[in-house]
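As you go down the protein sequences, you meet chains A and B in turn.
Here the UniProt record's numbering is used: the first residue of the first sequence is 1, the next is one more, and so on.
Here the UniProt record's numbering is used: the first residue of the second sequence is 1, the next is one more, and so on.
Every residue, glycine too, gets a C-beta built ideally from N, C-alpha and C.
For clarity, every value in this text was computed on a predicted model and none was experimentally measured.
Written out below as structure tokens is the structure these notes cover.
Number of protein chains: 2
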Amino acid sequence: MDMQRKDVHNSDTPVLCRACESRHRGVCGALLPEQLLQLSKHSSRRELEPGTELIGESTTATSYSNIISGVVKLSKMMADGRQQIVGLQFAPDFLGRPFRAENGVSAEAATGVKVCSFPKHVIERMIGDMPELEHKLLEQTLTELDEARDWMLTLGRKTAGEKVASFLLLIATHAFPDNEEDSVTFELPMSRVDIADFLGLTMETVSRQLTKMRKDGVIHIVNNRQVEVPDLSRLSDRAGF
Amino acid sequence: MDMQRKDVHNSDTPVLCRACESRHRGVCGALLPEQLLQLSKHSSRRELEPGTELIGESTTATSYSNIISGVVKLSKMMADGRQQIVGLQFAPDFLGRPFRAENGVSAEAATGVKVCSFPKHVIERMIGDMPELEHKLLEQTLTELDEARDWMLTLGRKTAGEKVASFLLLIATHAFPDNEEDSVTFELPMSRVDIADFLGLTMETVSRQLTKMRKDGVIHIVNNRQVEVPDLSRLSDRAGF
DNA sequence: CGTATTATTGATATCTATCAATTCCTGTGG
DNA sequence: CCACAGGAATTGATAGATATCAATAATACG
């Protein structure tokens, strides 16, 4: 079931969208050129530095965004400062919660991020008019729910070593969604502290596990951020699959 | 925004639904009497013993259900047997994943459970016809996603004591959604092993933490399953809020 | 009642966190 | 291009929390 619509005549497509990498992906993929035009009238593209906050944990969102490129981290914090990253969002994910007053999580650019944003009321009206759009939203939400539950297993039942391997596998598969090779090289989208906050560990434990995997030849650490995995199936084994 | 429709004339309502506790709740609340009639032609009520499996982790679901009463636990298992409960579902939650081939989780009756089930294709056709129904589904999915992320914080960053307190609080609030009192007594819907699998702990640790809370006067354990909480705010403090 | 299951309690082992140095990158200015 | 500063990451020593293994106690059930 392919929801994407290809524009036969580019002239129908709004200027802003014409060069957009996500034109046919994510929620925009569900829109007709005419609807896209409507939306694009109110939308704006922004580039965000790593660390920029997009959404506060208990603020009411006034705008929604499509991620064009980069990685956004969603996190929750306890009163005493303990933090847990509850999800990573990649292009072309949709960012924001229609019909929900509070967000419950804060969203922050992990890497440099390009987004296309539009005001809350515009998208909500369009959703009311277009079942197709709401369907797309349900699809993404179901996917996020599956990912959240997968990660609950990781957080609750895996050892530190398995957790770190699971994280590397997650990044590797998202960086190269349809990779067929055994070997991949990729850039980690975040610091050791962030990785620890995603895995429910400390920075030191993450570091030690990375070192261990390096010594065992499962990974090669090019520099702090670049990692090479010579054999994905060995990494997969380490992740507990 | 109240999605429920009250039937002015009961005569419109199908016999099966007339006495149903969930008639105006969950997905059924979004349906008109005539649509309800359509659905009820293919639906059947079942009562399930504790421990009955509703959905297998990697099986394709052929039917969907509304929970009328009781608690259903959703869980994931690793190859070596480690288990993690990734969610609890209470009435009037909807059980099943439209548009998704695999379930990814297994569902099992934690307590005795009453459900109202209908075949996959019936509900999927109705969803196509009724945006309202899909909206309801999106709402529930968003709620489940929020709950999953809350629990990720619990699993990743809370201590054993905080985890057990969080669990008791979860059950207390679901058993009595609009309780105003300080004090509540309720029945735990599952065994110590299950609680441990939900919290990412061992049975022994759960037991020790319960004993500790009992000695500290935060809870009173009537018997293995019955728990009394004299002061919910003290429990709340223990949960890390 | 007596038996089987479930839960508690105890002793010890193991894993991860914490605290404390280094060491390694990265980026900047000479 | 090199030296240096500051942050990020690694490594080491130790403490603390939870798991594991084992025994006992309580509860549910026939």
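| Asked | Found |
| --- | --- |
| From B:Asp129, B:Glu204 and B:Gly29, residue whose alpha carbon lies closest to that of Phe94 of chain B | B:Gly29 |
| Chain A within 8 Å of Leu54 of chain B, Cβ atoms only | no |
| Touching by the beta-carbon criterion (3+ pairs, under 8 Å), the region 112 to 121 of chain B and the region 74 to 92 of chain A | no |
| Bridge-paired residues (DSSP) for Leu74 of chain A | A:Gly87 and A:Ala107 |
| Of the residues B:Met203, B:Gly51 and B:Glu134, the one placed nearest Lys163 of chain B, counting alpha carbons only | B:Met203 |
| 8 Å Cβ cutoff, Val86 of chain B in contact with chain A | yes |
| Min CB distance Gly96 of chain B to chain A below 8 Å | no |
| Short CB-CB distance (under 8 Å) between Met190 of chain A and chain B | no |
| Closer than 7 Å: Cys116 of chain B CB and nearest the ligand NAP heavy atom | You won't find the ligand NAP in this model; it holds no ligand whatsoever. |
| Secondary structure of Lys158 of chain B, DSSP reduced to three states | coil |
| First and last residue of the uninterrupted alpha helix (DSSP H) at residue 270 of chain B | Any property of residue 270 of chain B remains undetermined from this structure, which presents chain B solely from 1 to 241. |
| Residue burial classification, Lys41 of chain A (beta-carbon count within 10 angstroms, cutoff 16) | exposed |
| Phe177 of chain A and Gly112 of chain A closer than 8 Å at C-beta | With the sequence shown as reference, residue 177 of chain A is identified as Pro, and Phe is not the correct amino acid for it. Contact: no. |
| Cβ-based burial, Gln226 of chain B [other Cβ within 10 Å; buried from 16] | exposed |
| Cα-Cα separation, Thr159 of chain A to Ser43 of chain A | 44 Å |
| C-alpha distance - Lys136 of chain A paired with Leu31 of chain A, whole-angstrom precision | 10 Å |
| Min CB distance Lys212 of chain B to chain A below 8 Å | no |
| Where Cys28 of chain B sits in the DSSP three-state scheme | helix |
| Span of the beta strand (DSSP E), counted from its first residue to its last, around Leu48 of chain A | Ser44 to Leu48 |
| Proximity winner among A:Tyr64, A:Arg208, A:Ile85 and A:Ser183, relative to Ala101 of chain A (alpha-carbon distances) | A:Tyr64 |
| For Val229 of chain A, the first and last residue of its enclosing beta strand (DSSP E) | Gln226 to Val229 |
| Inter-residue CB distance, Phe90 of chain A and His174 of chain A (contact presumed, cutoff 8 Å) | 5 Å |
| Top-ranked residue by Cα proximity to Cys116 of chain A, from A:Val15, A:Ile67, A:Arg23 and A:Val27 | A:Ile67 |
| Neighbour flag for Leu137 of chain B against chain A, beta carbons, 8 Å | yes |
| Buried or exposed by the 16-neighbour rule on C-beta atoms within 10 Å, applied to Thr154 of chain A | buried |
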